[in-house]
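For the sequence shown, my numbering begins at 14 and goes up steadily by one. Each residue gets a CB set at the ideal place from its N, CA and C atoms; glycine is no exception. Predicted model only: the values in this text are computed from it and were never measured. Okay, so here's the structure we're looking at.
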Amino acid sequence: MYRIIATTSFGLESIVKREAIDLGFTGITVSDGAVEFEGGFEEIARANLQFRCADKIMLVLGRFKAASFEELFDGVYGINWQDILEKNANFIINGKSVRSTLSSVPAVQSVAEKAVIKKLQTKYSIERFPKTGSTYSLLVSVLKDEVTVSLNTSGGSLHKRGYRAAQVLAPLKETMAAALVKLSYWNKDRILLDPCCGSGTIAIEAAMIAKNIAPGLFRTFDSEKHSCIPASVWKDERAKARGAIVQECVPTIYASDINAHAVEIAASNAEKACVEDCIKFEQIPFNKLTLPGKYGVCIANPPYSERMGDLKDTERLYRDMGRLFKQDPTWSVYIITSHEGFEKLYGKKADKKRKLYNGNVKTDYYQFYGLRPPKKTGESND
Ligand SMILES: C[S@@+](CC[C@H](N)C(=O)[O-])C[C@H]1O[C@@H](n2cnc3c(N)ncnc32)[C@H](O)[C@@H]1O
14 MYRIIATTSF
24 GLESIVKREA
34 IDLGFTGITV
44 SDGAVEFEGG
54 FEEIARANLQ
64 FRCADKIMLV
74 LGRFKAASFE
84 ELFDGVYGIN
94 WQDILEKNAN
104 FIINGKSVRS
114 TLSSVPAVQS
124 VAEKAVIKKL
134 QTKYSIERFP
144 KTGSTYSLLV
154 SVLKDEVTVS
164 LNTSGGSLHK
174 RGYRAAQVLA
184 PLKETMAAAL
194 VKLSYWNKDR
204 ILLDPCCGSG
214 TIAIEAAMIA
224 KNIAPGLFRT
234 FDSEKHSCIP
244 ASVWKDERAK
254 ARGAIVQECV
264 PTIYASDINA
274 HAVEIAASNA
284 EKACVEDCIK
294 FEQIPFNKLT
304 LPGKYGVCIA
314 NPPYSERMGD
324 LKDTERLYRD
334 MGRLFKQDPT
344 WSVYIITSHE
354 GFEKLYGKKA
364 DKKRKLYNGN
374 VKTDYYQFYG
384 LRPPKKTGES
394 ND
């Protein structure tokens with residue numbers, strides 16, 4: 014059993030913790046930007062394929078105290094590198110140091126690299142390692158003199174799902190879009206509307222959640238090429254994920270944008286994600302929009318003045334949003350923006366506000382709850 018870390022954007026830890034519980038992981042602990050759990054190779058493959066809101070899956074190879082370079086060398090040398098890295102492994106050592114005696118990151122990296130090489134030389138009697146093989150991205154992180162050595166099993170960050178080939182200006186990260194959907198009360202039986210859809214990320218992530226399409230199915234991960242993990246583990250986890258897709262689930266999702274090119278891109282991305290049957294894309298400026306039904310959920314990432322567009326247009330859009338949703342109290346509305354005057358322009362105080370970081374931009378996720386949909390016959394009142 015290993016400790017495995019799912020790294021997260023600040024503010025998403027509790028959502029990633031919930032995902033870890035839902036995926037059946039145990040021994041969960043949470044700290045800033047990290048959710049840790051225990052597991053073996055199956056859990057590593059499952060975590061990479063299934064987490065919707067985490068950034069990277071790191072496998073912990075060693076943990077020890079080090080306030081000197083000797084202690085750092087000995088700790089890194091103590092790891093069984095000869096069983097992990099092949100002779101031609103392209104290992105790259107990244108470093109991090111926070112509030113620690115060993116404060117020079119380049120020195121930490123260099124000492125760690127020497128220790129890895131020395132240990133590999135106990136198995137392979139060569140002076141220089143060619144590094145022509147699979148990539149092993151390692152992190153030596155020192156926090157208050159406590160060292161964690163971990164292997165990035167994902168490679169590129171998990172927000173890179175593989176379905177978003179073309180991009181628009183200021184797209185939302187897929188992991189953040191999935192988090193916005195998870196934080197809303199939307200479910201597959203309710204209408205979803207994104208009236209500022211850009212490249213369609215929110216609509217696509219919602220459709221993938223509804224159909225239970227694992228977000229990692231369209232991409233590969235560094236650990237698929239790591240010889241210490243049997244290829245059959247990945248094959249089995251991918252097969253399980255494919256088998257769990259609920260193809261017949263077709264939620265009603267509307268995605269529109271003022272920009273015709275963005276709508277084209279969004280539709281093509283939805284096709285790549287295999288959810289084009291769930292989303293109706295249209296080019297509509299917000300002020301021409303009518304609500305497509307009752308008890309719907311609107312989730313939107315409209316422009317913020319800092320990032321794009323003209324402030325006047327943005328503020329007019331926020332006012333238009335308030336006016337439209339005022340007409341129908343059955344709609345729930347969720348808006349992410351960094352504009353501090355949003356509630357004033359929208360004309361209503363949010364029922365709940367949650368701080369989130371969209372990249373490096375501090376934003377609020379404003380949540381306006383609509384009336385509850387009537388119970389279907391046979392549904393309990395709990
Ligand atoms: C921040 S981007 C949305 C990015 C999107 N969430 C994504 O992941 O690609 C804001 C979008 O709002 C659209 N927009 C701006 N003003 C609009 C309006 N008045 N009506 C509809 N869409 C508008 C822009 O064209 C842009 O695509």
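Excluding the 5 residues preceding and the 5 following residue i in the sequence, name in chain order all residues of the same chain whose CB lies nearer than 6 Å to its CB.
{"i": "residue 18", "result": "47, 49 and 71"}
{"i": "residue 229", "result": "61 and 62"}
{"i": "residue 185", "result": "214 and 314"}
Give the secondary structure of residue i by DSSP, where H, G and I count as helix, E and B as strand, and everything else as coil.
{"i": "residue 283", "result": "helix"}
{"i": "residue 294", "result": "strand"}
{"i": "residue 394", "result": "Any reading at residue 394 needs caution, since the residue's pLDDT is 46, under 50, leaving its predicted position unreliable; the model's value is listed next. In this structure, residue 394 counts as coil in the three-state DSSP scheme."}
{"i": "residue 12", "result": "Residue 12 lies beyond the range of the chain shown here (14 to 395); nothing can be said about it."}
{"i": "residue 146", "result": "coil"}
{"i": "residue 230", "result": "coil"}
{"i": "residue 339", "result": "helix"}
{"i": "residue 369", "result": "strand"}
{"i": "residue 16", "result": "strand"}
{"i": "residue 45", "result": "coil"}
{"i": "residue 358", "result": "helix"}
{"i": "residue 268", "result": "strand"}
{"i": "residue 256", "result": "helix"}
{"i": "residue 212", "result": "coil"}
{"i": "residue 310", "result": "strand"}
{"i": "residue 23", "result": "coil"}
{"i": "residue 288", "result": "coil"}
{"i": "residue 202", "result": "coil"}
{"i": "residue 375", "result": "strand"}
{"i": "residue 32", "result": "helix"}
{"i": "residue 39", "result": "strand"}
For residue i, count neighbouring C-beta atoms within 10 Å of its own C-beta (all shown protein chains included) and say buried if the count is 16 or more, exposed if not.
{"i": "residue 63", "result": "buried"}
{"i": "residue 248", "result": "exposed"}
{"i": "residue 101", "result": "exposed"}
{"i": "residue 269", "result": "buried"}
{"i": "residue 145", "result": "exposed"}
{"i": "residue 290", "result": "exposed"}
{"i": "residue 7", "result": "Given a span of 14 to 395 for the chain in the structure shown, any question on residue 7 remains unanswerable."}
Ends of the alpha helix (DSSP H) at residue i?
{"i": "residue 317", "result": "That residue, residue 317, is in no alpha helix (DSSP H); it is neither H nor E in DSSP."}
{"i": "residue 127", "result": "118-133"}
{"i": "residue 90", "result": "82-90"}
{"i": "residue 111", "result": "Where residue 111 is concerned, there is no enclosing alpha helix (DSSP H), although the beta strand (DSSP E) it sits in stretches over 103-111."}
{"i": "residue 57", "result": "54-63"}
{"i": "residue 192", "result": "187-196"}
Output the boundary residues of the beta strand (DSSP E) element that contains residue i.
{"i": "residue 71", "result": "69-78"}
{"i": "residue 160", "result": "159-165"}
{"i": "residue 13", "result": "Past the edges of the chain, shown from 14 to 395, lies residue 13, and the structure says nothing about it."}
Under 8 Å between C-beta atoms, does residue i make it to chain B?
{"i": "residue 276", "result": "Of the chains in the structure shown, none is chain B; there is only one protein chain."}
Within the same chain, show all residues whose beta-carbon is closer than 7 Å to that of residue i, passing over the 5 residues directly before and after it, in chain order.
{"i": "residue 88", "result": "75, 77, 79 and 160"}
{"i": "residue 56", "result": "17 and 38"}
{"i": "residue 240", "result": "99"}
Beta-carbon within less than 8 Å of residue i's beta-carbon, same chain only, minus the 5 sequence neighbours each way: which residues are those?
{"i": "residue 231", "result": "174, 175, 176, 285 and 286"}
{"i": "residue 115", "result": "79, 80, 81, 82, 85, 121, 155 and 158"}
* **Cβ contact (3+ pairs, closer than 8 Å) linking the stretch 269-285 and the stretch 207-221** => yes
* To do: Evaluate the contact criterion for the stretch 363-382 versus the stretch 186-206: three or more CB pairs, one atom per stretch, below 8 Å.
  => yes
* Would you say the stretch 339-358 touches the stretch 160-177, given that touching needs at least three Cβ pairs under 8 Å? -> no
* Is the number of C-beta pairs between the stretch 108-119 and the stretch 150-158 that are closer than 8 Å three or more? -> yes
* Does the count of Cβ pairs from the stretch 216-223 and the stretch 196-206 closer than 8 Å reach three? -> Yes: at least three Cβ pairs fall under 8 Å.
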